Amino acid sequence: MRTTSQKAEILARAGIAVPAFPAEGESAAAERWKREIDNLFAGYVAARAARSLREAEEALQLDRLRRANCSPHLR
Numbered sequence: 297m298r299t300t301s302q303k304a305e306i307l308a309r310a311g312i313a314v315p316a317f318p319a320e321g322e323s324a325a326a327e328r329w330k331r332e333i334d335n336l337f338a339g340y341v342a343a344r345a346a347r348s349l350r351e352a353e354e355a356l357q358l359d360r361l362r363r364a365n366c367s368p369h370l371r
């Protein structure tokens with residue numbers, strides 16, 4: 297499992313605005329930051345999974361179209 301810092305780094309590399317870590321000694325603020333990063337990361341992962349599923353479905357449909365349109369002797 298990834299740490300919250302790793303998640304924040306992944307989000308930042310993906311171009312998602314990541315809130316700055318709060319000042320030292322603020323444990324309540326640090327917990328809020330952690331929850332926010334976790335929520336952002338969950339959304340990011342869900343969006344990536346949805347995109348992968350869409351791309352796989354599009355590839356499958358394209359393959360079906362190609363097979364349907366090819367000459368019978370090529371099948």
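So the sequence shown is numbered by the working numbering: it starts at 297 and just counts up by one. Note that beta-carbon positions come from the ideal geometry of N, C-alpha and C, so glycine has one too. Predicted model, so just to flag it, every value in this text is computed and none were measured.
Endpoints, the alpha helix (DSSP H) within which residue i is located
i	result
Gly339	Ser323 to Asn365
Glu305	Thr300 to Arg309
Distance between beta carbons of residue j and residue i, contact taken as under 8 Å
i	j	result
Tyr340	Ala310	6 Å
Own chain, CB closer than 8 Å to residue i, minus 5 neighbours either side, in chain order
i	result
Leu307	Val314, Ile333, Leu336, Phe337 and Tyr340
Count the CB pairs spanning the stretch 351-366 and the stretch 317-336 that are closer than 8 Å, and state whether there are at least three.
no
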